[in-house]
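Residue numbers (my numbering): -6 to 490.
Note that CB positions come from ideal geometry on N, CA and C, so glycine has one too.
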Ligand code: FRU
């Protein structure tokens, strides 16, 4: 019997698929960013199941189609040939079993023996004598790239075997990978001290899993619960990515609230214990959470994240969808630090190149041909005769979003106070940034409602949403003192395939 004929689509999933089909209109599609994944309709959060299946990239995501707020979690689904142009597929999972009736939470995917394997968190809520009891377990669904069957053995990983005192409620977001004939998964968990820990599990058959180790533990140092872990080896180092809840701000490295953490170190496959060498934030912008990676067929480690903030979600009323993903980024470890740059496939979508070399900037000025809301702009700033340099993006008479470099302090500020938001919330973020070889290099991607900045060839990334009206598309430069800049600017256009 073929897989297709075995897969039963539940009423809950049918309803979601029907709802999204009805909601997709030309107007809704026109409003969407060109290169950033967002839901057909409704709310999204974490990227899930980022994987290659039958030669195409699949990206799932936490999804509630019926409103632009978080609700009972489904998995939305999109597919791409090149990580840049994405096509919506019907929702893949809905909360339709006892063990996931309160939500199909985050998880991951891989291709195995021609099948697409999803490992996700089932959430169950029960009323008991002692009040509401929540249970999170890891569950399997296997499919053909469109339809997925939850397996009969579910749940396949329980929290019970964890060290004493570990939470039974906070046990989620499995990230699966395969090495030889063994499958591994890291899971977000909370230890007896109330803060995060990352257990590693292994399995030979995807159904029976055993605890291998506790890879790393928060010990109340970096936030509380560690969500959405990912673990891989890259450039000779072991890398753990995780998204801590309840962080306290620390210098300019970590901001408060839900943050992003990258731990780089060494780890042997014998014991799966991570020995830390470097701890850093993954992104320094206002909107970045829950990154997940996959390996491309040509061996690149590529990361995508939710471009939104839990404490400050920007979901404008006039749009049918809320939230989006970052641009996928190629990762490297250079000098013990995580570097990230937009996937090289983006470059195929560049057009209308405009270049300026060695332009002297003093008071605020625009440069002919440098404007737009779908752009790939690189600015190199040089000189010793300036204190501050400011780039105005998405600008009209009333609005702008600023990127400001304070050369004396070595601080880069992202400021979207004047991007048209009418709510009183955090709109600025500062981070440390230093000149390299006598210049600061900023590559800035704008795709309608997002700004992603890559500092010094990927040493730092800064990702934020801006919902400024699309008519605000001017760009200007300004220096306090005199700076010299080189600018390379492209419009980013979708192919007419
Ligand atoms: C992270 C997270 C995950 C969870 C999901 C629920 O943003 O809280 O830990 O699986 O969102 O939507």
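For residue i versus residue j, is the C-beta distance shorter than 8 angstroms?
| i | j | result |
| --- | --- | --- |
| residue 485 | residue 368 | yes |
| residue 276 | residue 301 | no |
| residue 87 | residue 118 | no |
| residue 131 | residue 72 | no |
| residue 89 | residue 33 | no |
| residue 284 | residue 223 | yes |
| residue 398 | residue 374 | yes |
| residue 304 | residue 251 | yes |
| residue 189 | residue 156 | no |
| residue 450 | residue 434 | yes |
| residue 477 | residue 351 | yes |
| residue 232 | residue 211 | no |
| residue 491 | residue 134 | Residue 491 is absent from the structure shown; the chain starts at -6 and stops at 490. |
| residue 35 | residue 54 | no |
| residue 100 | residue 147 | no |
| residue 43 | residue 287 | yes |
| residue 227 | residue 294 | yes |
| residue 225 | residue 195 | no |
| residue 473 | residue 385 | no |
| residue 266 | residue 230 | no |
May I ask whether a heavy atom of ligand 1 can be found less than 7 angstroms away from the beta carbon of residue i?
| i | result |
| --- | --- |
| residue 220 | yes |
| residue 87 | no |
| residue 166 | yes |
| residue 39 | yes |
| residue 32 | no |
| residue 114 | yes |
| residue 273 | no |
| residue 412 | no |
| residue 333 | no |
| residue 283 | yes |
| residue 296 | no |
| residue 317 | no |
| residue 195 | no |
| residue 98 | yes |
| residue 240 | no |
| residue 474 | no |
| residue 236 | yes |
| residue 187 | no |
| residue 181 | yes |
| residue 55 | yes |
| residue 485 | no |
| residue 388 | no |
| residue 66 | yes |
What does residue i pair with, by DSSP beta-bridge criteria?
| i | result |
| --- | --- |
| residue 375 | 432 and 477 |
| residue 359 | Paired residues: none, contrary to the question. |
| residue 237 | 219 |
| residue 134 | 111 and 143 |
| residue 399 | 381 and 404 |
| residue 259 | 268 |
| residue 492 | Since the displayed the chain opens at -6 and closes at 490, residue 492 lies outside it and no answer follows. |
| residue 487 | The partner list for residue 487 (beta bridge, DSSP) is empty, contrary to what the question assumes. |
| residue 224 | 233 |
| residue 97 | 115 |
| residue 250 | 240 |
| residue 79 | 73 |
Nearest to residue i by alpha carbon, out of the options?
| i | options | result |
| --- | --- | --- |
| residue 487 | 264, 79, 410 and 19 | 79 |
| residue 447 | 88, 333, 97 and 215 | 333 |
| residue 361 | 470, 464, 315 and 440 | 470 |
| residue 199 | 168, 293 and 305 | 168 |
| residue 13 | 215, 317 and 67 | 67 |
| residue 496 | 375, 27 and 4 | Limits of the chain in this structure are -6 at one end and 490 at the other, which puts residue 496 out of reach. |
| residue 216 | 205, 201, 248 and 228 | 248 |
| residue 410 | 0, 404 and 418 | 418 |
| residue 363 | 387, 430 and 133 | 387 |
| residue 460 | 315, 89 and 328 | 315 |
| residue 357 | 457, 111, 48 and 468 | 468 |
| residue 186 | 159, 84 and 178 | 159 |
| residue 77 | 105, 52 and 370 | 52 |
| residue 455 | 464, 445, 449 and 226 | 445 |
| residue 443 | 289, 278, 85 and 453 | 278 |
| residue 209 | 120, 235 and 125 | 235 |
| residue 137 | 126, 120, 105 and 113 | 105 |
| residue 391 | 192, 464 and 405 | 464 |
| residue 425 | 415, 405 and 414 | 405 |
| residue 408 | 328, 480 and 458 | 458 |
| residue 318 | 297, 341 and 292 | 297 |
Those runs of the beta strand (DSSP E) which lie wholly inside the segment 189 to 213 and span at least 3 residues:
189 to 196 and 202 to 210
Which ranges would you report for the alpha helix (DSSP H) in the segment 5 to 56 if only whole runs of at least 4 residues count?
19 to 24
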